[in-house]
Each structure stands twice: as structure tokens, then as C-alpha cells.
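Its first residue numbered 187, the sequence shown is counted upward by one per residue in this note's numbering. Glycine is no exception: its CB is placed at the ideal position from the N, C-alpha and C atoms. Treat the numbers as computed from the prediction; the structure is a model and nothing was measured. Working notes, beginning with the structure itself.
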Amino acid sequence: MKRLLALSALWAFVLPVAVAAPDGAALYTEKTCVACHGPKGGKPLLPNYPKIGGQNAAYTEEQMKDIKSGARANGQAAAMAGIMHLVNEEEIKVLATWLETLK
Ligand code: HEC
Numbered sequence: 187m188k189r190l191l192a193l194s195a196l197w198a199f200v201l202p203v204a205v206a207a208p209d210g211a212a213l214y215t216e217k218t219c220v221a222c223h224g225p226k227g228g229k230p231l232l233p234n235y236p237k238i239g240g241q242n243a244a245y246t247e248e249q250m251k252d253i254k255s256g257a258r259a260n261g262q263a264a265a266m267a268g269i270m271h272l273v274n275e276e277e278i279k280v281l282a283t284w285l286e287t288l289k
């Protein structure tokens, strides 16, 4: 019985981690965002690429969706549009929320 209790207590800690929502920092690296926008979204690869760290989440979420859909196709948007198939709407939201927390 004791062992069973200990086991269920362990699961209470392990399970939430296993089913947790994707983490912004991990996505940012996995989905290659870091290559163009820099480690904390503050040192872009080229001067005509935007700094995105610390930007309002509502704004970045909208911009990512627009670049993905093609509604935003101005400037250098084509450079980013090519990789937006790697992220779904939920991941875009997680990334936007995380980006806002950066300095
Ligand atoms: C190949 C380079 C490249 C990659 C990879 C890339 N981006 Fe971009 N991103 C850009 C460029 C260039 C722009 C600016 C487009 C323009 O000039 O309109 C941009 C724009 C943005 C914007 C809008 C910024 C603003 O001020 O309007 C956000 C937010 C953004 N990227 C987030 C991301 C995230 C998150 C990822 C990873 C899923 C990512 N980008 C991957 C190049 C890239």
C-alpha cells in the first residue's frame, strides 16, 4: 500500500510535465527562429530583419499569422514565410507569449 501511494505521488509530478504545453524557448530553437532573430530575439541575422524580443504578444501573434497566411508579404516577409509551415496556431501563441517576456 505504501509503495502504491509513493507511486501515485510520483505520477502526480511526472504526468503534468509529460502533457505540458510546448515551451516557447524550446520551440524558438527547434523551429529555427533563433537563426534569423537571434538568441533572445534582439540580435537579428541582418539589419533589415526585426528585433522581436519584448514585443507585445498580441502584435507578434498577429504578425506571425499574417506572414504564415500570406496576408503580410511586404519587405522581407518571404524570408520567414518559408518556415512558418513548421508552426501551428497553438505554437504561434506560445511563441508570442514567450517573446513578450524577453528583454
Ligand atoms: C529565414 C529567417 C527567419 C526565420 C527562420 C524566422 N523569421 Fe521571423 N522574420 C524574418 C524576417 C525577415 C521578418 C520581417 C519580415 C518583413 O520584412 O516584413 C520576420 C518577422 C517576424 C515577426 C514580426 C516582427 C514585427 O515587428 O512585425 C515575428 C513576430 C517573427 N518574425 C517571429 C518569428 C518566429 C517566432 C520564428 C520561428 C517560428 C521566426 N520568426 C522565424 C525572418 C525569419
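| field | CA-to-CA distance, P233 to G210, given in whole angstroms | value | Along the sequence shown, one-based indexing puts residue 210 at 24. Along the sequence shown, one-based indexing puts residue 233 at 47. The straight-line gap from Cα to Cα measures roughly 24 Å.
*asked:* With the cut-off set at 9 Å, would you say K251 and I278 are in Cβ contact?
replied: In the sequence shown, the residue the question calls residue 251 occupies position 65. In the sequence shown, the residue the question calls residue 278 occupies position 92. It is a contact, given that the beta carbons lie within the stated cut-off.
* Is the CB-CB distance between T215 and A243 below 9 Å? -> Position 29 of the sequence shown holds residue 215. Position 57 of the sequence shown holds residue 243. No; because the gap between Cβ atoms is not below 9 Å, this pair is not in contact.
Open item on the list: Pop quiz: G227 and K237 are said to be a contact at Cβ under 8 Å. What is the actual Cβ separation, rounded to whole angstroms?
Closed with: Here residue 227 is taken as the residue at index 41 of the sequence shown, counted from 1. Here residue 237 is taken as the residue at index 51 of the sequence shown, counted from 1. Their Cβ separation, rounded to whole angstroms, is 6 Å, which keeps G227 and K237 in contact under 8 Å.
### M266, enclosing alpha helix (DSSP H) - first and last residue
For the purposes of this step, residue 266 is taken as residue 80 along the sequence shown, with counting starting at 1. That run of the alpha helix (DSSP H) goes 263-267.
Review point. Does DSSP put G228 in a helix, in a strand, or in coil?
Key: Counting from one through the sequence shown, the residue named residue 228 turns up at place 42. If DSSP states are grouped into helix, strand and coil, G228 belongs with coil.
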